[in-house]
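**Q** Handing you this structure, nothing more for now.
Residue numbers (the working numbering): 10 to 161.
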């Protein structure tokens, strides 16, 4: 797997504090689905403790394919920022997870009302998105590239 994605501390302190002021503390039990593909993306999370697997349904497979495991300080959910605000992946708690939960509509409104905050948050999410695309690519190559093909 690839290196760790940019964590919440990648946000400049004033913007991170502004975002965390909107947080509600929540928890998820091991095995609990955080969200599923193609459902409304109306909130997002930052992991405080525990681990969350990002996954994707694979036709013909019973269980979703795990794309990446997320932990402390990592952003869970990206689709809340981009229309049509529908999850592209799924997520499941792998252990007891404590997280900060954010109402996506409130955060998007704050991004519009406070452009410096919006720019900082969008840049952070963009960095995370870039990392997730690379992790997804690596995972798919691990799963489907011919063994010994020399393909990464």
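Note that CB positions come from ideal geometry on N, CA and C, so glycine has one too. If you're wondering where the values come from, they're calculated on a predicted model, not measured in any experiment.
To the nearest angstrom, how far is it from the Cα of residue 81 to the Cα of residue 92?
**A** Position 72 of the chain shown, counted from the start, is the residue given in the question as residue 81. Position 83 of the chain shown, counted from the start, is the residue given in the question as residue 92. So the two alpha carbons sit approximately 27 Å from each other.
**Q** Counting only the same chain and skipping the five closest in sequence on each side, list residues whose C-beta sits under 7 Å from that of residue 88.
**A** By one-based count along the chain shown, residue 88 stands at place 79. Cβ neighbours of residue 88 beyond the five flanking positions: 50, 94, 95, 96, 97.
**Q** Should residue 68 and residue 99 be called a contact, given that it needs their Cβ atoms to be closer than 8 Å?
**A** Residue 68 sits at position 59 when you count from the first residue of the chain shown. Residue 99 sits at position 90 when you count from the first residue of the chain shown. Result no, Cβ atoms of residue 68 and residue 99 do not sit closer than 8 Å.
**Q** Put residue 65 into one of helix, strand or coil per three-state DSSP.
**A** Indexing the chain shown from 1 puts residue 65 at position 56. Three-state result, residue 65: strand.
**Q** Between residue 107 and residue 40, how many whole angstroms is the CB-CB distance? I'm expecting something under 8 Å.
**A** Taking the chain shown and counting its residues from 1, the one referred to as residue 107 is at position 98. Taking the chain shown and counting its residues from 1, the one referred to as residue 40 is at position 31. Incorrect: roughly 16 Å between the Cβ atoms, too far for contact.
**Q** Do residue 43 and residue 85 have their C-beta atoms closer together than 8 Å?
**A** Walking along the chain shown from the start, residue 43 turns up at place 34. Walking along the chain shown from the start, residue 85 turns up at place 76. Yes, they are a contact pair.
**Q** Which class does residue 109 belong to by DSSP, given the choice of helix, strand or coil?
**A** The residue you call residue 109 lines up with position 100 of the chain shown. Three-state result, residue 109: strand.
**Q** Check for me: the alpha helix (DSSP H) holding residue 22 runs from which residue to which?
**A** Translated into the one-based positions of the chain shown, residue 22 becomes position 13. Taken as a continuous stretch (DSSP letters only), the alpha helix (DSSP H) holding residue 22 covers 22–29.
**Q** Kindly indicate which three-state DSSP category residue 44 falls into: helix, strand or coil?
**A** As a position in the chain shown, residue 44 is number 35, starting the count at 1. In this structure, residue 44 counts as strand in the three-state DSSP scheme.
**Q** Please confirm whether residue 31 and residue 111 have their CB atoms less than 8 Å apart.
**A** In the chain shown, the residue the question calls residue 31 occupies position 22. In the chain shown, the residue the question calls residue 111 occupies position 102. Result yes, Cβ atoms of residue 31 and residue 111 sit closer than 8 Å.
**Q** Could you have a look at residue 37 and say whether DSSP puts it in helix, strand or coil?
**A** Translated into the one-based positions of the chain shown, residue 37 becomes position 28. The answer is strand: DSSP assigns residue 37 an E or B state.
**Q** With burial defined as no fewer than 16 other Cβ atoms inside 10 Å of the residue's Cβ, what is the status of residue 20: buried or exposed?
**A** One-based indexing of the chain shown puts residue 20 at position 11. Burial call: buried.
**Q** List the residues that DSSP assigns as beta-bridge partners of residue 54.
**A** Here residue 54 is taken as the residue at index 45 of the chain shown, counted from 1. In DSSP, residue 54 forms a bridge with 85, 110.
**Q** If you run the structure through DSSP and keep just helix, strand and coil, what is residue 130?
**A** Within the chain shown, the letter at position 121 stands for residue 130. In this structure, residue 130 counts as helix in the three-state DSSP scheme.
**Q** Pop quiz: residue 15 and residue 137 are said to be a contact at Cβ under 8 Å. What is the actual Cβ separation, rounded to whole angstroms?
**A** As a working mapping, residue 15 is identified with position 6 in the chain shown. As a working mapping, residue 137 is identified with position 128 in the chain shown. With 8 Å as the limit, residue 15 and residue 137 qualify as a contact, their Cβ atoms being about 6 Å apart.
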